[in-house]
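Report on the following structure.
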Amino acid sequence: METLINGLHHVTTLAGDTQRNVDYYTDILGLRLVKKTVNFDAPDVYHLYYGNETGSPGTILTFFPYGKLPRGRKGVGQLTYTAFSAPKSALSFWMDRLHERNVPYAGPYNRFSETYLRFEDFDGMGIELVFSDDDQRSGWDNGRIPVEYAVRGFHTVTLNEVNPDRTVKLLTETMQHTLVGEEEGRFRFKAGKGGPGNFVDVLHSPKDVHALQGAGSVHHVAFSTDSDETQLVIQEQLQVAGYHVTPVQDRNYFNSIYFREPGGILFEVATNPPGFTVDEPLSELGMALKLPPQYEPRRAKIEAELPEIIVK
408 METLINGLHH VTTLAGDTQR NVDYYTDILG LRLVKKTVNF DAPDVYHLYY
458 GNETGSPGTI LTFFPYGKLP RGRKGVGQLT YTAFSAPKSA LSFWMDRLHE
508 RNVPYAGPYN RFSETYLRFE DFDGMGIELV FSDDDQRSGW DNGRIPVEYA
558 VRGFHTVTLN EVNPDRTVKL LTETMQHTLV GEEEGRFRFK AGKGGPGNFV
608 DVLHSPKDVH ALQGAGSVHH VAFSTDSDET QLVIQEQLQV AGYHVTPVQD
658 RNYFNSIYFR EPGGILFEVA TNPPGFTVDE PLSELGMALK LPPQYEPRRA
708 KIEAELPEII VK
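This is the structure in structure tokens:
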């Protein structure tokens with residue numbers, strides 16, 4: 408069978424203050440700001456991409472920072488926690504680092520034989536750090552966090568569902584995921600070769616409140632596919648399965664299709680190429696504001712209206 412879905416590609420979230428968002432993810436978590444662009448549908452708002460050194464698929468967390476945006480509410484029909492992977496030996500380092508940066512955390516806990524911490528960013532976005540030696544990806548050597556303790560990329564995303572059956576059917580029958588574990592109403596699925604960056608947890612949460620979107624809320628989760636050709640195949644298979652899938656959207660750094668899974672969470676399937684070095688060299692990723700061609704004539708106005716960003 409042809410591989411259509413490799414695992415996770417990126418997670419996109421709504422945020423409040425732009426500079427606080429940059430500070431949190433570049434300083435506290437030690438991710439690299441790999442792309443500074445705008446929301447292609449609303450160019451008065453940044454679209455910020457964080458990831459490893461190159462912004463590899465499976466490491467990319469992105470934000471639309473809207474400024475004074477009310478906080479959202481976690482609940483069913485939402486991706487509630489995005490988990491990153493770090494080495495087992497990094498547990499005490501991260502407990503100390505979060506404490507030093509005045510970031511409250513819960514744990515350590517254990518799940519599927521792995522240890523994790525749980526906390527939130529300034530806007531209330533749910534974050535976990537899972538400590539595993541199964542992740543062979545390299546951390547980014549940013550000069551602030553020792554590379555041996557740095558986060559490697561995503562580990563898992565958690566989808567909270569009232570009735571998970573149809574979501575499970577979508578994942579296993581159309582999106583090539585395989586069930587690999589079940590624990591206290593949490594069902595873990597892997598895509599491709601499995602391992603950190605390729606896991607999706609579906610959490611049966613029938614008593615949870617319904618989610619409300621706002622700052623700290625995940626807007627969508629994107630899955631990785633190898634090429635434009637594999638994207639078209641999965642698009643057709645989703646349509647045959649009864650899903651309303653968008654036409655292909657050009658996002659400059661990947662092409663995308665979107666649809667709602669049965670629980671209401673927005674899914675995207677994004678191509679791996681062309682990647683973030685298509686419009687600036689690796690050494691300069693995230694330094695300059697990059698605009699899609701349709702907005703270049705408005706660059707001066709857009710730059711004047713966007714807040715200044717300082718990466719410490």
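In short: position in the sequence shown from 1, add 407, done, that's the working numbering. No residue lacks a Cβ here, since even glycine has one placed at the ideal position from N, Cα and C.
Exercise. Kindly confirm or deny that the segment 460-475 and the segment 417-429 touch, where touching means at least three C-beta pairs closer than 8 Å.
Key: Three or more Cβ pairs drawn from the segment 460-475 and the segment 417-429 lie within less than 8 Å of each other, which places the two stretches in contact.
Quiz item: Quick one: any contact between the segment 619-638 and the segment 662-670, if contact means 3 or more CB pairs under 8 Å?
Solution: With the cut-off at 8 Å, the segment 619-638 and the segment 662-670 touch.
Quiz item: DSSP on I534, reduced to helix/strand/coil?
Solution: Counted from its first residue, the sequence shown places residue 534 at position 127. Three-state DSSP puts I534 in a strand.
Quiz item: L421 and F471 look like a contact to me (Cβ under 8 Å); what is the Cβ gap, rounded to whole Å?
Solution: Counted from its first residue, the sequence shown places residue 421 at position 14. Counted from its first residue, the sequence shown places residue 471 at position 64. Yes, they are in contact, since the Cβ atoms of L421 and F471 sit about 6 Å apart, within 8 Å.
Quiz prompt | CB contact flag (I672, Q485, <8 Å) | solution = Against the sequence shown, residue 672 aligns to sequence position 265. Against the sequence shown, residue 485 aligns to sequence position 78. Between I672 and Q485, the CB-CB gap stays under 8 Å.
Practice problem: Just grab the DSSP bridge partners of Y488 for me. | Solution: Translated into the one-based positions of the sequence shown, residue 488 becomes position 81. Answer by DSSP bridge pairing, in chain order: G533, T565.
Quiz item: On the three-state DSSP scale, how would you describe H506?
Solution: For the purposes of this step, residue 506 is identified with residue 99 of the sequence shown, where counting begins at 1. Helix.
Self-check item: H611 to Y516 span [Cα, whole Å]
Solution: Within the sequence shown, the letter at position 204 stands for residue 611. Within the sequence shown, the letter at position 109 stands for residue 516. Distance between the alpha carbons of H611 and Y516 is about 19 Å.
Exercise. List the endpoints of the continuous alpha helix (DSSP H) containing I467.
Key: Taking the first residue of the sequence shown as 1, we reach residue 467 at position 60. Residue range 467-472 is occupied by the beta strand (DSSP E) that includes I467, with no alpha helix (DSSP H) assigned at that position.
Quiz prompt | Residue span of the beta strand (DSSP E) that contains A422, given as start and end | solution = Here residue 422 corresponds to residue number 15 of the sequence shown, with the count starting at 1. Counting along the chain, the beta strand (DSSP E) containing A422 begins and ends at 414-422.
Quiz item: Is it right to say A598 is buried, meaning 16 or more other beta carbons lie within 10 angstroms of its own, or is it exposed?
Solution: What you label residue 598 is simply residue 191 of the sequence shown in a count that begins at 1. That one is buried.
Quiz prompt | Own chain partners of G531 with C-beta closer than 6 Å, once the 5 adjacent residues on each side are dropped | solution = Residue mapping note: residue 531 aligns to position 124 of the sequence shown, counting from 1. Beyond the five residues adjoining it in sequence on each side, G531 comes within less than 6 Å, by CB distance, of R478, G623 in the same chain, given in chain order.
Quiz item: Counting pairs of Cβ atoms below 8 Å between the segment 536-549 and the segment 441-454, do you hit three or more?
Solution: A contact between stretches requires three or more CB pairs, one per stretch, nearer than 8 Å, and the segment 536-549 fails this requirement with the segment 441-454.
Quiz prompt | CB contact flag (W547, N459, <8 Å) | solution = Position 140 of the sequence shown, counted from the start, is the residue given in the question as residue 547. Position 52 of the sequence shown, counted from the start, is the residue given in the question as residue 459. Contact check for W547 against N459 passes: the beta carbons are separated by less than 8 Å.
Self-check item: Buried/exposed call for N567, threshold 16 Cβ in 10 Å
Solution: Here residue 567 refers to the residue found at position 160 of the sequence shown. Buried is the call here.
Practice problem: Ignore the nearest five residues each way along the sequence and tell me which others in V587's own chain have a CB closer than 7 Å to its CB. | Solution: Numbered from 1 along the sequence shown, position 180 holds the residue referred to as residue 587. R595, F596, K597, G601, listed in sequence order.
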